Amino acid sequence: MKILVTGGAGYIGSHTCLALLNEGYEVVIVDNLCNSSIESIKRIEILANQSVIFYNADVRDMVSLENVFHENSIEAVIHFAGLKSVNESINIPINYYENNVGSSIALFNIMSKFNCKILVFSSSATVYGDTAMSPIKEGSQLSANNPYGRSKLMIEEILQDLYVSDDTWHIGRLRYFNPVGAHKSGMIGEDPNGIPNNLFPYISQVAVGRRKKVNIFGGDYDTHDGTGVRDYIHVMDIADGHIKALEALNIKSQLLTINLGTGNGYSVLDVIKAFESASGLKIPYKIVGRREGDIASCYADTALASSSINWNASYNLESMCKDAWKWQTLNPNGYQKIG
Ligand code: NAD
Ligand code: UDP
Numbered sequence: 000m001k002i003l004v005t006g007g008a009g010y011i012g013s014h015t016c017l018a019l020l021n022e023g024y025e026v027v028i029v030d031n032l033c034n035s036s037i038e039s040i041k042r043i044e045i046l047a048n049q050s051v052i053f054y055n056a057d058v059r060d061m062v063s064l065e066n067v068f069h070e071n072s073i074e075a076v077i078h079f080a081g082l083k084s085v086n087e088s089i090n091i092p093i094n095y096y097e098n099n100v101g102s103s104i105a106l107f108n109i110m111s112k113f114n115c116k117i118l119v120f121s122s123s124a125t126v127y128g129d130t131a132m133s134p135i136k137e138g139s140q141l142s143a144n145n146p147y148g149r150s151k152l153m154i155e156e157i158l159q160d161l162y163v164s165d166d167t168w169h170i171g172r173l174r175y176f177n178p179v180g181a182h183k184s185g186m187i188g189e190d191p192n193g194i195p196n197n198l199f200p201y202i203s204q205v206a207v208g209r210r211k212k213v214n215i216f217g218g219d220y221d222t223h224d225g226t227g228v229r230d231y232i233h234v235m236d237i238a239d240g241h242i243k244a245l246e247a248l249n250i251k252s253q254l255l256t257i258n259l260g261t262g263n264g265y266s267v268l269d270v271i272k273a274f275e276s277a278s279g280l281k282i283p284y285k286i287v288g289r290r291e292g293d294i295a296s297c298y299a300d301t302a303l304a305s306s307s308i309n310w311n312a313s314y315n316l317e318s319m320c321k322d323a324w325k326w327q328t329l330n331p332n333g334y335q336k337i338g
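The numbering of the sequence shown is numbering that gives the first Met the number 0, which starts it at 0 and goes up by one.
What follows is the structure, encoded as structure tokens:
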């Protein structure tokens, strides 16, 4: 089965492409490399020992996209392409709507034109806003606190409307919690530009000596140790979730909306401790003020993923830290310098 993966050169996309190739799927990647490197694709090919078809193109470019569908018999699409920084989205909201919503509309149009109706979309736990009670079920109320979250919510709603208008579509809306870690080879991983916003890459860069200490945003939350609690999930588990979703969607048309999380919440201090034990290093940290927009605790109810697509996360926090650390040590400067 030939799968188009938009954003396949990125962090989650690259790991999913590798998992797809290892499962015998053919992979076509469309990525404009605005937040990734061609090196990740080369490494996917080495790890999978086979080649992928790559188009350096913007998903909003309907001429290029149509050409991709003309040149390949695409049977299903996994749509990762998009911008993902909450902070950036507050400063340049129009770019976020244009890129995330615009690329999705272009893609869904071309898919309709080619009668390709199997789609997995990267949504996010951010669509639960800041009021949902953890463990969060898929039926919880949705809201958005920033343009990034709103763009995800808009695309989810567009997909809902699409399915209502034509129930021969097979649509998966996967709401990721906090994807972390890397492939066990240490050859592909997360490669953020500039100063990382997210906890895992920040800790990794402190451990490898690129930054002095971790600033912990808030030590007075109503959690077991006062620091924020999140549901960290290994990126290979996320990749596997896409394959399980594709398998379920392939069987019947439906609108599937599921959480991809482990169901476990870990605090910032829990993560620092686990990372220290994985790396054998002391991670200096300082508790500073809360980060605006953060909530105390956020973790998934995973029952629906388990019952509907037979998927459960299998990696624990220790392997997430070990694999993130291996990627960081082998590639201290990400894909820029071959480690
Ligand atoms: P990423 O930035 O590493 O990957 C996204 C890829 O899409 C990049 O390779 C980028 O170059 C490409 N891209 C962006 N806009 C494009 C466009 N218009 N045309 C073609 N390519 C384009 O991000 P990621 O962490 O792999 O996230 C993948 C998806 O999952 C995103 O949609 C993101 O919003 C969503 N998501 C990520 C997280 C997370 O914490 N990483 C959590 C929830 C949801
Ligand atoms: N966090 C932190 N220091 C950092 C980055 C993040 O203390 O440098 C905390 C943040 O406040 C939250 C948790 O780590 O409680 C996860 O943050 P991240 O940005 O990785 O994910 P998100 O906030 O999107 O869930």
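Glycine is no exception: its CB is placed at the ideal position from the N, C-alpha and C atoms.
Source: prediction; values computed, not measured.
Proximity test, residue 293 beta-carbon vs ligand 2 heavy atom, cut-off 7 Å: Residue mapping note: residue 293 aligns to position 294 of the sequence shown, counting from 1. Yes; taking the cut-off as 7 Å, the Cβ of residue 293 has a heavy atom of ligand 2 nearer than that.
Using beta-carbon positions only, say whether residue 263 and residue 137 come within less than 8 Å of one another. Within the sequence shown, the letter at position 264 stands for residue 263. Within the sequence shown, the letter at position 138 stands for residue 137. No, they are not a contact pair.
For residue 25, name the three-state secondary structure that DSSP assigns. For the purposes of this step, residue 25 is taken as residue 26 along the sequence shown, with counting starting at 1. Strand, per DSSP.
In its own chain, which residues sit with a C-beta less than 6 Å from the C-beta of residue 113, not counting the 5 before and 5 after it? Indexing the sequence shown from 1 puts residue 113 at position 114. 68.
Let's test the definition: count the other Cβ atoms within 10 Å of the Cβ of residue 193 and tell me whether it reaches 16, buried, or not, exposed. To locate residue 193, count along the sequence shown from 1; it is residue 194. With fewer than 16 other Cβ atoms inside 10 Å of its own Cβ, residue 193 counts as exposed.
What is the DSSP secondary structure of residue 123, counted as helix, strand or coil? Residue 123 sits at position 124 when you count from the first residue of the sequence shown. DSSP places residue 123 in strand when its eight states are reduced to three.
At a Cβ threshold of 8 Å, is residue 164 touching chain C? This model lacks chain C altogether; it includes just one protein chain.
Would you kindly work out how many angstroms separate the C-alpha atoms of residue 244 and residue 234, rounded to a whole number? The residue labelled residue 244 in the question sits at position 245 within the sequence shown. The residue labelled residue 234 in the question sits at position 235 within the sequence shown. For residue 244 and residue 234, the distance between alpha carbons rounds to 15 Å.
With burial defined as no fewer than 16 other Cβ atoms inside 10 Å of the residue's Cβ, what is the status of residue 237: buried or exposed? For the purposes of this step, residue 237 is taken as the residue at position 238 of the sequence shown. Result: buried.
Using the three-state DSSP reduction, which class does residue 296 fall into: helix, strand or coil? On the sequence shown, position 297 is the one that residue 296 refers to. Of the three classes helix, strand and coil, the one that applies to residue 296 here is strand, per DSSP.
At a cut-off of 7 Å, would you count residue 82 as near ligand 3, judging by its Cβ distance to the nearest heavy atom? Ligands in the displayed structure: ligand 1 and ligand 2; ligand 3 is not one of them.
Taking Cβ positions, are residue 41 and residue 25 nearer each other than 8 Å? As a working note, residue 41 is residue 42 in the sequence shown. As a working note, residue 25 is residue 26 in the sequence shown. At a Cβ-Cβ threshold of 8 Å, residue 41 and residue 25 do not count as neighbours.
Tell me which residues share the same chain as residue 166 and place their Cβ nearer than 7 Å to its Cβ, disregarding the 5 neighbours each side in the sequence. Position 167 of the sequence shown, counted from the start, is the residue given in the question as residue 166. So the qualifying residues of the chain are 252.
According to DSSP, simplified to helix, strand and coil, what is residue 259? Here residue 259 refers to the residue found at position 260 of the sequence shown. Residue 259: strand per DSSP, three-state reduction.
Every unbroken alpha helix (DSSP H) inside the stretch 25-112 [4 residues or more]: Here the runs fully enclosed are 37-47, 61-70, 85-90, 92-95, 101-112.
For residue 241 and residue 5, which I take to be in contact (beta-carbon distance under 8 Å), what is that distance rounded to the nearest angstrom? Mapped onto the sequence shown, residue 241 falls at position 242. Mapped onto the sequence shown, residue 5 falls at position 6. The C-beta separation of residue 241 from residue 5 comes to about 13 Å, leaving the pair out of contact by the 8 Å criterion.
Can you confirm whether the stretch 52-60 touches the stretch 197-206 when touching is taken to mean that 3 or more C-beta pairs between the two stretches lie within less than 8 Å? In short, these stretches do not touch, since the Cβ pair count stays below three.
Neighbourhood of residue 310 by C-beta distance below 6 Å, restricted to the same chain and skipping five residues each side: What you label residue 310 is simply residue 311 of the sequence shown in a count that begins at 1. Here the set comprises 240, 243, 304.
May I ask you to report which of helix, strand or coil DSSP gives residue 338? Indexing the sequence shown from 1 puts residue 338 at position 339. At residue 338 the pLDDT is 39, less than 50, meaning the model places this residue with poor confidence; the figure from the coordinates comes in the next sentence. In the three-state scheme derived from DSSP, where H, G and I count as helix and E and B as strand, residue 338 is classed as coil.
Run through the stretch 305-335 for me and flag every whole beta strand (DSSP E) of 3 or more residues, listed as ranges in chain order. Runs of the beta strand (DSSP E) inside the stretch 305-335: none found.
Helix or strand or just coil, what does DSSP make of residue 272? If you number the sequence shown from 1, residue 272 lands on position 273. In the structure shown, residue 272 sits in a helix (DSSP, three-state: H, G or I).
Which residue comes first and which comes last in the beta strand (DSSP E) that contains residue 144? Here residue 144 corresponds to residue number 145 of the sequence shown, with the count starting at 1. Careful: residue 144 lies outside any beta strand (DSSP E) and carries neither H nor E.
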